[in-house]
Structures are given as structure tokens and as C-alpha cells.
Amino acid sequence: MISSVIHIGIVVQDMEKMVKFYRDTLGMSFIKEDNNEPGRILGNLKIEKKAVFLDAGNTVIELLDYEPFTEEQGKMATRETPGLAHIAFEVDDVDKTVRELEAKGVVFDIQPIDCGTCTVAFFTDPEGNILEFYK
39 MISSVIHIGI VVQDMEKMVK FYRDTLGMSF IKEDNNEPGR ILGNLKIEKK
89 AVFLDAGNTV IELLDYEPFT EEQGKMATRE TPGLAHIAFE VDDVDKTVRE
139 LEAKGVVFDI QPIDCGTCTV AFFTDPEGNI LEFYK
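Going by my numbering, the first residue of the sequence shown is number 39, and it counts up by one from there.
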């Protein structure tokens, strides 16, 4: 049986920009960078990969930079299409976290909403991946 989610991989176009966002803006800690045997792991020896791992509390965000990059590799589903729709992060206080990130320039598509049993807010990272804060 599954005991936990170990990591979530996000394909990126601009590794430097995305690391800065997840590390500096969202406050995740850098764990490691890995360039080991990407083609063998992915089953395609023509692909080169760079991965950066960031600590997101109880899981890890793995940013993946594929060369050559294709648009299809980097697409997350929209709210209306099948596939990964968003990544939710639990925070201590959604309203406070939203205010702190807005001060850093993050724009929230959906401001904090009290759902009765939880509060949520939605925004996107610099490459359009949908993220949620949850409490």
C-alpha cells in the first residue's frame, strides 16, 4: 500500500527562474541538484535532464529541466482537462501567507475563500502551474 507522496515532479522551461520562485518566494529549502543518468531513467538516451529537489515540508518538489524541451513535456492540465490540475500546500494561515506573497509580487487568481472546514487560495508559478494554499 501507499504510505506517502515522496515527491512531485514539475517540468520547467527556465530552471533558474523556477528555483528562485519555489526557494526564494515560497520559502522551500534546497536539497540537491541531480544530473545522473537521465536518459536511462527516462528510457530515452537522447534526453538530458537536470533536476533540482526542494523541501516542501512533508514532500519534495522536483523541478525537471529536459533537453530538448518540448511544450508537451511541460504542460499541466487546466481545471477543465484530465491530468494533474494543481498542487496544494498546507500553510499555517492562508490569509497571512497570501499577504506575504502579494508583497513579493505574487498575484492570486483566487483570493482566500472560507469553505467552512478549510480556507483555500489559488495562484500560479512563473510558468503557469496552478498552486493552492490550504488550511
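In this text, a Cβ means the ideal position worked out from N, Cα and C, and glycines have one as well.
Could you check whether residue j and residue i sit closer than 8 Å to each other, using their CB atoms as the reference points?
i, j, result
"Ile159", "Val132", "According to the sequence displayed, residue 159 carries Ala and not Ile. Result yes, Cβ atoms of Ala159 and Val132 sit closer than 8 Å."
"Lys58", "Phe91", "no"
"His124", "Leu64", "no"
Would you report the Cα separation of residue i and residue j, rounded to the nearest angstrom?
i, j, result
"Ile48", "Asn167", "9 Å"
"Glu128", "Glu105", "32 Å"
"Lys87", "Leu102", "7 Å"
"Phe68", "Asn96", "14 Å"
"Gly154", "Lys173", "11 Å"
"Leu139", "Pro164", "13 Å"
What is the residue span of the beta strand (DSSP E) that residue i lies within?
i, result
"Lys173", "Neither: Lys173 is in no beta strand (DSSP E) and is coded neither H nor E."
"Lys70", "67-72"
"Val98", "98-105"
"Ala159", "157-162"
"Ala94", "Where Ala94 is concerned, there is no enclosing beta strand (DSSP E), given that its DSSP letter is neither H nor E."
"Ala126", "125-128"
Alpha helix (DSSP H) containing residue i: first to last residue?
i, result
"Val132", "132-141"
"Val57", "53-57"
Taking all protein chains shown into account, decide if residue i is buried (16 or more other Cβ within 10 angstroms of its Cβ) or exposed.
i, result
"Thr135", "buried"
"Asp130", "exposed"
"Ala89", "buried"
"Val43", "exposed"
"Glu56", "Note on identity: in this sequence residue 56 is Met, with Glu being the wrong assignment. Buried is the call here."
"Met39", "exposed"
So, at 6 Å on beta carbons, what are the nonlocal neighbours of residue i in its own chain, with the 5 sequence-adjacent residues on each side left out?
i, result
"Ile151", "Val158"
Leaving aside the five residues before and after residue i along the sequence, list all residues of the same chain whose C-beta is less than 7 Å from its C-beta, in chain order.
i, result
"Val145", "Phe161"
"Val98", "Ile44, His45, Ile69, Phe91, Leu92"
"Arg61", "Phe68, Leu92"
Take residue i and list the residues in its own chain whose beta-carbon comes closer than 8 Å to its own, dropping the five residues that flank it on each side.
i, result
"Ile156", "The residue asked about is misnamed: residue 156 is Cys in this sequence, not Ile. Hits under 8 Å: Tyr172, Lys173."
"Met53", "Lys88, Val90, Leu101, Asp103"
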